[in-house]
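Residues 0 to 109 in numbering that gives the first Met the number 0 are what the sequence shown lists, from first letter to last.
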Amino acid sequence: MSLTIRRVQKYLKEKYKRTKPENMRNTQRYFLKLIEEVGELAEVIRKGKRMENNNIKGTIEEELSDVLYYVCMIANTYDIDLEDCFKMKEEFNRIRYGHTLRIDEIQEDD
Ligand SMILES: [Mg+2]
């Protein structure tokens, strides 16, 4: 089963409903966590730390996942569907910058 942004958001919503329901609407908390993770990402990018042998700890792969996690958490606090928003924003940019490729032209296995 492929992992979509929508599925990640749904998973995180369910996970927090079960474990920390009191934090589900705490946008400020997740925004600050996002900034922390962006800082960690900056450090591993500067150090050029890539994942090897499936060891994700302290790598660019780990910190990018953390950043995505908190972007999704912030979206969830507003009940924002990031897949819909991303499609809308890319269509806006396509027209604005004169690109020809539409996001719906891309197949999952491309
Ligand atoms: Mg991290």
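For every residue, glycine included, the Cβ atom is placed at its ideal position computed from N, Cα and C. Every value quoted in this text rests on a predicted model; they were computed, and no experiment measured them.
Measuring only the C-alpha atoms, how far is E107 from S1?
8 Å
What separation, rounded to the nearest whole angstrom, lies between the Cα atoms of L100 and I94?
10 Å
Does any heavy atom of ligand 1 sit closer than 8 Å to the C-beta of E36?
yes
Neighbourhood of C71 by C-beta, 8 Å cutoff - its chain only, sequence neighbours within 5 removed
I4, V7, Q8, L11, L81
Is the distance from the Cβ of E42 to the Cβ of E62 below 9 Å?
yes
Tell me the DSSP secondary structure of E51 in three-state form.
strand
Counted within 10 angstroms of its Cβ, other Cβ atoms place Y69 as buried (16 or more) or exposed:
buried
Can you tell me whether D65 sits near ligand 1, meaning its C-beta is under 8 Å from at least one heavy atom of the ligand?
yes
Quick one, are the C-beta atoms of I55 and L40 less than 9 Å apart?
no
Nearest-angstrom Cβ-Cβ length linking D78 and E36, presumed shorter than 8 Å
Going by Cβ atoms, the distance from D78 to E36 rounds to 22 Å, so no, they are not a contact pair.
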